[in-house]
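In our numbering, the protein residues as written are 16 to 399. For each residue, glycine too, the CB sits at the ideal point set by N, CA and C. Data first, discussion second: the structure below is written as structure tokens.
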């Protein structure tokens with residue numbers, strides 16, 4: 016089977032789907048790996064490394080995609096590139112399928128079998144393939160560094176002959192993968208850290224990292240079977256905001272990581288909450304690409320609201336693109352090799368397998384994931 020790895024279409028994306036190390040793993044199993052020339056130049060992997068690992072270099076993008084059996088990439092493909100794929104091609108990447116309905120339809124019409132990395136099940140067996148977690152982990156780390164860079168004070172307590180500097184206070188909202196890494200990183204830098212999550216089950220994890228867990232009674236909440244936070248009602252969100260306002264006011268840095276899979280990010284930090292914060296404080300909105308947790312945050316920008324710097328920087332894992340690519344490549348190669356037929360030298364879609372069925376969104380001209388199929392059916396015009 017020919018595996019193709021094209022350069023990313025998004026000019027801001029610095030990660031690669033497969034590193035030279037990943038190419039070697041695939042080539043050793045008998046795969047024919049072709050990569051677009053210049054694939055790794057933005058994250059420190061020159062073409063020579065890919066060549067030495069066993070990849071063939073392709074200059075023509077149309078030929079690379081059109082003659083592939085399996086395409087691996089980071090981000091979603093542009094519509095014009097979907098049209099280049101042959102019917103039956105398997106395509107694996109982040110797809111944002113609940114919001115990218117037109118892309119989903121294009122993949123369906125093209126007869127492409129598309130696997131969405133966001134939807135890899137969070138099971139023990141699938142951990143090594145969980146790209147969403149590996150990249151969220153790095154996003155949490157980068158968010159703290161961005162906050163430290165934009166804050167007009169240092170994180171740790173420091174005692175000097177000129178006086179003692181009090182440690183900065185950091186409030187992390189959302190204790191999923193990104194939030195927990197943000198907590199750990201802020202603690203390493205010496206900050207006093209508080210964290211809040213709607214799921215009481217994460218309290219122990221927060222406390223194990225040395226942070227204080229903030230409790231706010233919003234009524235019944237919890238998490239889905241996949242480990243994601245459940246969406247709150249508007250009434251619950253209002254109670255949550257009131258409870259968090261005091262903690263935001265006392266913080267030098269607020270980092271929001273709250274996302275609900277398949278829906279726009281909940282609006283958590285409002286203008287009144289920002290107005291209550293100290294001038295010069297920093298808020299980092301990790302959910303800005305899916306609608307934002309912070310009122311007034313803008314994707315790709317840092318804006319000042321009532322004296323507070325609101326950071327809406329996107330592509331956070333790409334800011335540490337070398338390690339982000341290393342982890343993502345491991346996720347993707349693990350996925351491929353899990354279903355690799357060594358005799359036939361091919362990636363085989365086992366539709367009965369829970370991992371494949373969990374992340375396969377289109378197949379043989381149909382939208383096959385139950386949640387997406389229901390959504391597509393509900394949004395399609397009724398037939399008379």
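> DSSP state of residue 117, grouped into three classes?
Replying inline: helix
> According to the neighbour-count rule (16 or more other Cβ atoms, all chains shown, within 10 Å of its Cβ), is residue 212 buried or exposed?
Replying inline: buried
> Excluding sequence positions up to five away, which residues of its chain have a Cβ less than 6 Å from the Cβ of residue 185?
Replying inline: Only 201, 206, 208, 268 meet the Cβ criterion.
>> Going by DSSP, what residue range makes up the alpha helix (DSSP H) through residue 200?
In response: 192-203
> When the Cα atoms are used, what is the spatial distance from residue 21 to residue 73?
Replying inline: When only Cα atoms are considered, residue 21 and residue 73 end up about 9 Å apart.
>> Only counting the same chain, and skipping five residues up and downstream in sequence, which positions put a Cβ closer than 6 Å to that of residue 119?
In response: 112
>> Here's the rule I'm using: 16 or more other beta-carbon atoms within 10 Å means buried, otherwise exposed. How should residue 26 be labelled?
In response: exposed
>> Rounding to the nearest angstrom, what Cα-Cα distance links residue 214 and residue 198 in this structure?
In response: In this structure, the CA atom of residue 214 is about 16 Å from the CA atom of residue 198.
>> Using C-beta distances below 6 Å, list every residue in its chain close to residue 296, excluding the 5 sequence neighbours before and after it, in chain order.
In response: 267, 323
>> So, for residue 306: in the same chain, excluding its five sequence neighbours on each side, which residues have a beta-carbon less than 6 Å away from its beta-carbon?
In response: 279, 280
> How many Å lie between residue 79 and residue 336 at the Cα?
Replying inline: 24 Å
> Apart from the five residues on each side of it in sequence, which residues of its chain come closer than 6 Å, Cβ to Cβ, to residue 158?
Replying inline: In chain order, 197, 270, 299, 301 place their CB closer than 6 Å to the CB of residue 158, counting only its own chain and leaving out the 5 sequence neighbours on each side.
>> Threshold first: 3 residues or longer. Then list the beta strand (DSSP E) segments lying entirely within the stretch 302-349, N to C.
In response: 317-320, 323-326
> Alpha carbon to alpha carbon, how far is residue 254 from residue 283?
Replying inline: 10 Å
> residue 248 to residue 54, Cα distance in whole Å?
Replying inline: 44 Å
> From residue 144 to residue 294, what distance separates their C-alpha atoms?
Replying inline: 42 Å
> With distances taken from CA atoms, which of 149, 387, 230 is nearest residue 333?
Replying inline: 149
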